[in-house]
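Notes follow once the structure below has been shown.
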Amino acid sequence: MQINLLYQPSQALAQCWLQPGESVLAESGAMVGMTPNVQMQTQSGGMLKGLKRMFGGESFFRNTFLAEGGGGEVLFAPALCGDMAVLDCGARQWNIQNSAYVASTMGVDVHTKAGGMRGFFSGAGLFMLESAGQGQIVIGAYGALEAIQVNGDLVIDTGHIAAWESTLTYSVGKSGSGWIASWLSGEGLVCHFQGQGIVYLQSRNTAEYGGAIGPMLPPRKN
Amino acid sequence: MQHLIKHQPSFALLQVQLGPSETLMAEAGSMVARSHAIAMEVKLNAGRNAGFFGKLKAVFIALIRKLIGGETFLVNHFSGPSGGQVWVAPALSGDILHLPLAGQRMLLSAGSYLASAGEVDMKMRWGGLRALLAKEGAFFIEVSGSGSLFATSYGAIQQVNVNGTYIVDNGHLVGFDSSLDFNIRSAGGGLMGLFASGEGLVCEFKGQGRVFIQTRNASALVDWLSPMLPG
Chain A
1 MQINLLYQPS
11 QALAQCWLQP
21 GESVLAESGA
31 MVGMTPNVQM
41 QTQSGGMLKG
51 LKRMFGGESF
61 FRNTFLAEGG
71 GGEVLFAPAL
81 CGDMAVLDCG
91 ARQWNIQNSA
101 YVASTMGVDV
111 HTKAGGMRGF
121 FSGAGLFMLE
131 SAGQGQIVIG
141 AYGALEAIQV
151 NGDLVIDTGH
161 IAAWESTLTY
171 SVGKSGSGWI
181 ASWLSGEGLV
191 CHFQGQGIVY
201 LQSRNTAEYG
211 GAIGPMLPPR
221 KN
Chain B
223 MQHLIKHQPS
233 FALLQVQLGP
243 SETLMAEAGS
253 MVARSHAIAM
263 EVKLNAGRNA
273 GFFGKLKAVF
283 IALIRKLIGG
293 ETFLVNHFSG
303 PSGGQVWVAP
313 ALSGDILHLP
323 LAGQRMLLSA
333 GSYLASAGEV
343 DMKMRWGGLR
353 ALLAKEGAFF
363 IEVSGSGSLF
373 ATSYGAIQQV
383 NVNGTYIVDN
393 GHLVGFDSSL
403 DFNIRSAGGG
413 LMGLFASGEG
423 LVCEFKGQGR
433 VFIQTRNASA
443 LVDWLSPMLP
453 G
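Chains A and B, in that order, are what the protein sequence lines are.
Just so you know, the first sequence maps onto residues 1 to 222 in the working numbering.
Just so you know, the second sequence maps onto residues 223 to 453 in the working numbering.
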């Protein structure tokens with residue numbers, strides 16, 4: 001599969017070219033357009049896997065797009081304004097914030113991994129995604145994506161993390177010296193990464209966007 | 223200190239390389255990432271020479287703003303003995319503007335301060351009674367000194383070189399040189415102009431200096447969004 005990213009970084013679109021008989025897996029709702037010979041099939045990959053994805057903040061179903069009787073094209077985009085990136089899997093493997101997943105080639109197994117309490121505190125939900133196998137993953141972000149090579153230590157606001165290499169170890173903690181200072185600083189929780197590897201930052205944070213706009217909206221009537 | 227602004231104008235990200243013991247001040251909540259060697263300390267932004275009452279006033283404003291939302295006027299100080307990197311970004315989709323300060327003063331609307339470095343001093347400035355009527359512009363931030371100032375916007379930033387008079391919608395104002403006289407008033411004049419024109423309050427500038435305006439307005443987004451939300 002060949003992937004071409006257009007309209008980066010604000011309005012990114014992934015243009016995927018499928019060989020005859022080739023297919024690609026995508027998050028439900030990510031498809032923008034496709035050639036007529038591409039067949040879409042909806043699958044949950046099993047009840048348990050589907051439910052696990054739902055807990056992870058993804059959708060229960062994922063869609064498979066198969067090019068029949070010739071090559072085909074599928075376009076994918078995430079919901080929010082922002083960037084996209086293609087992650088190569090094989091020599092490198094990745095951890096992905098579950099809301100960042102858009103699509104993946106069939107050779108890659110993108111499975112839900114319990115992040116444990118660390119994942120819970122990160123605000124990313126109890127689960128995140130982990131890759132295995134060979135192929136490519138397309139991710140989508142809120143804001144622009146910035147790839148940073150970690151050499152040693154890096155501290156990142158949990159809301160700005162899109163994906164990171166599995167070689168990195170991490171721990172979630174408060175940003176300031178104490179809990180009151182952390183609350184006042186507005187930084188909340190941060191992720192301390194250690195080791196060698198690449199981290200993809202997203203330049204905007206949905207929680208901060210909500211925090212800026214939310215208070216100006218009229219109250220919900222229940 | 224070296225800086226780089228990337229991904230302009232929609233999703234600007236400020237990357238700062240700090241030398242040993244150099245300090246970057248940034249709006250609370252704006253940090254994206256930092257080197258592990260860089261420590262973060264939250265401080266009250268009362269100005270370096272503020273007396274006891276100045277500090278008390280700043281505490282009061284900071285607490286109120288923390289509770290009702292908006293800019294807290296608490297800033298985070300980033301520094302480390304051996305230096306390192308800090309990445310900073312605003313909450314909304316928009317640009318970051320680098321404004322070098324060399325002794326002059328500038329005024330920023332309350333949400334437009336992102337970060338600063340060097341001998342930069344900040345004060346809250348009351349926008350006047352009429353500004354209270356508007357959703358924005360009740361406070362301005364007066365910035366002076368020498369160093370680097372980073373302002374942020376919702377949307378892209380347009381510089382207007384005023385020579386004479388110029389009028390800007392309050393919600394579209396990022397900041398301006400203090401060499402300009404300004405006056406907040408209703409767009410059409412009178413109550414009708416204020417409520418019926420949809421333009422709300424405007425800032426009228428007189429004199430010579432720069433005005434920076436943002437191409438989008440957060441209040442307009444809220445007005446557009448609100449009717450579509452589920453009841």
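Idealized CB from N, CA, C, for every residue including glycine.
Remember, predicted model here, so these are calculated numbers, not experimental data.
Item	Value
Beta-carbon proximity of proline 242 (chain B) to glycine 305 (chain B), cut-off 8 Å	yes
Neighbour list for tryptophan 446 (chain B) in chain A, Cβ cutoff strictly below 8 Å	Here the premise fails: no neighbours, minimum Cβ distance about 11 Å.
Proline 231 (chain B) vs alanine 378 (chain B) beta-carbon contact at 8 Å	yes
Simplified DSSP state of proline 449 (chain B), which is helix, strand or coil	helix
Interface flag, valine 173 (chain B) vs chain A, CB-CB below 8 Å	Because chain B here runs from 223 to 453, residue 173 (chain B) falls outside it and cannot be looked at.
Cα-Cα separation, glutamine 97 (chain A) to threonine 112 (chain A)	10 Å
Extent of the continuous beta strand (DSSP E) to which serine 366 (chain B) belongs	361 to 374
Inter-stretch contact (C-beta, 8 Å, three-pair minimum) for the region 258 to 268 of chain B and the region 301 to 320 of chain B	yes
Length-filtered (3 minimum) beta strand (DSSP E) runs lying within the region 117 to 184 of chain A	127 to 133, 135 to 140, 145 to 157, 161 to 165, 169 to 174
Valine 32 (chain A), buried or exposed, once every other Cβ within 10 Å from all chains shown has been counted against 16	exposed
Inter-residue spacing [alpha-carbon to alpha-carbon] between aspartate 391 (chain B) and leucine 66 (chain A)	52 Å
Proximal residues, the region 151 to 170 of chain A versus chain B, C-beta separation under 8 Å	Gly152, Asp153, Leu154, Val155, Ile156, Asp157, His160
Cβ pair isoleucine 139 (chain A), alanine 100 (chain A) closer than 8 Å	yes
Listed by chain order, chain A residues near alanine 339 (chain B) by CB distance under 7 Å	Simply none; closest approach about 18 Å.
Under 8 Å between C-beta atoms of isoleucine 137 (chain A) and valine 199 (chain A)	no
Among A:Val172, A:Leu25, A:Gln2, nearest to arginine 62 (chain A) - alpha-carbon criterion	A:Leu25
Cutoff 8 Å: asparagine 392 (chain B) Cβ touching any chain A Cβ	no
Backbone CA spacing between glutamine 436 (chain B) and proline 218 (chain A) [nearest angstrom]	24 Å
Chain B contact residues for tyrosine 209 (chain A), given Cβ-Cβ distances below 7 Å	Ala313, Leu314
Minimum C-alpha distance to glycine 397 (chain B) - residue among B:Leu278, B:Phe427, B:Val254	B:Phe427
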